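Here's the structure we're looking at; comments come further down.
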Amino acid sequence: MEPHFTATTEQKVLHLRFGQPGVRNLMDDAWFDALEAHLAEAGRDPGVRVVLLSAEGDAFCSGANLKGVQHGLLSQGYEQSALARLLRRLTTFDKPLVAAVHGLAIGGGTTLLLHCDFVYAAEGTRFQMPFAKLGLVPEFGSSYLLPLNAGMRLASELVLLGEPFDPETALRAGLVNAVVPGAELLARARRTADVLAQTAPGPLRRAKLLLRQGHQAALAAALAAEGQALQESLQSPELAEAVTAFIEKRAPDFSRF
17 MEPHFTATTE
27 QKVLHLRFGQ
37 PGVRNLMDDA
47 WFDALEAHLA
57 EAGRDPGVRV
67 VLLSAEGDAF
77 CSGANLKGVQ
87 HGLLSQGYEQ
97 SALARLLRRL
107 TTFDKPLVAA
117 VHGLAIGGGT
127 TLLLHCDFVY
137 AAEGTRFQMP
147 FAKLGLVPEF
157 GSSYLLPLNA
167 GMRLASELVL
177 LGEPFDPETA
187 LRAGLVNAVV
197 PGAELLARAR
207 RTADVLAQTA
217 PGPLRRAKLL
227 LRQGHQAALA
237 AALAAEGQAL
247 QESLQSPELA
257 EAVTAFIEKR
267 APDFSRF
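The sequence shown maps to residues 17 to 273 in my numbering.
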């Protein structure tokens with residue numbers, strides 16, 4: 017199913033809403049390409065000073081489409097992949113990114129937030145990074161950015177155990193700026209976006225890059241390592257078992273590995 021993005025610009029804020037009815041906003045190559053294209057256009061457009069990300073339906077993002085991940089993701093190698101193109105865009109994007117998260121934020125739906133400058137989560141949002149449970153590895157630079165934000169102890173807990181966690185834990189981990197009632201979520205994110213849009217654009221963009229420049233080399237190294245590890249895991253028998261278990265609607269059995 018093709019991803020659906022709605023883009024509207026008002027008072028120099030580009031609001032990107034994404035949604036795939038019935039599948040809780042799964043990520044795949046088409047999703048990566050669509051978001052990268054929107055961000056590329058936003059970067060070139062002088063009428064856009066801030067990008068606000070939100071999702072339609074009952075989930076922000078449920079992560080990768082596990083049924084297609086073995087043969088679709090990284091089929092041309094990591095460096096040529098849609099995921100790598102999106103990550104290159106995110107790590108060099110110099111306009112503020114604000115995210116409003118609700119419902120579910122699973123896998124990449126959580127790690128994507130590490131590239132946003134401001135994140136607001138609705139009360140009751142469920143986060144999870146179940147990579148090891150699915151025979152996969154962390155992505156989106158989270159192997160570097162999550163310990164940087166959360167500290168190694170909490171990052172290890174969230175990634176290695178892979179259990180769901182609540183917005184208060186996400187706040188403690190530095191994944192979100194604030195937790196707000198669901199009815200106020202978009203308004204809260206929009207207020208921040210509007211303040212940023214009224215700030216002097218040149219200094220704002222330079223300030224964002226200055227805040228991040230000390231981490232760029234380490235992040236690039238982490239992304240390369242993640243790409244290699246992800247490519248290896250996509251060929252692993254553990255992932256094959258996880259995909260089979262997902263299709264058969266049962267828990268994966270890793271006892272023989």
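Even for Gly, the Cβ is constructed at its ideal location relative to N, Cα and C.
Bear in mind that the values here come from a model prediction, so they are computed numbers and not experimental data.
Item, Value
"8 Å contact criterion, which Ala138 and Val117 should meet: CB distance rounded", "7 Å"
"Under the three-state DSSP convention, the category Ala31 falls into", "Per the sequence shown, residue 31 should be read as His rather than Ala. His31: strand per DSSP, three-state reduction."
"Neighbourhood of Pro10 by C-beta, 6 Å cutoff - its chain only, sequence neighbours within 5 removed", "The requested residue 10 is not part of the displayed model; the chain covers only 17 to 273."
"Coarse secondary structure for His131, derived from DSSP in three states", "helix"
"Range of the contiguous beta strand (DSSP E) that encloses His20", "His20 to Glu26"
"Contacting residues, own chain, Cβ-Cβ under 6 Å from Arg204 (five flanking each side not counted)", "Tyr136 and Val196"
"Three CB pairs or more closer than 8 Å across the stretch 65–73 and the stretch 29–43", "yes"
"Rounded separation between Pro253 and Gly123 - CA only", "20 Å"
"Spatial neighbours of Gly140 in its chain, beta-carbon cut-off 6 Å, leaving aside the 5 residues before and after", "none"
"Three-state secondary structure (DSSP) of Tyr136", "strand"
"Ala209 to Val66 span [Cα, whole Å]", "6 Å"
"Buried/exposed call for Asp45, threshold 16 Cβ in 10 Å", "buried"
"Beta-carbon proximity list for Pro217, same chain, < 7 Å, skipping 5 on both sides", "Arg65"
"Reference Ala258; option with closest CA among Gly230, Gln247 and Phe270", "Phe270"
"Identity of the residue in Arg40, Glu57 and Leu235 nearest Ala23 by Cα", "Glu57"
"Backbone secondary structure at Leu68 - three-state DSSP", "strand"
"Nearest neighbour of Ala213, chosen from Gly63, Glu200 and Gly79 [CA to CA]", "Gly63"
"Contact check, Phe76 vs Gly119, beta carbons under 8 Å", "yes"
"Beta-carbon spacing of Leu55, Gly79 below 8 Å", "no"
"Residues that Ala80 bridges to, as DSSP identifies them", "Met43"
"Cβ pair count under 8 Å reaching 3, the stretch 227–240 against the stretch 94–111", "yes"
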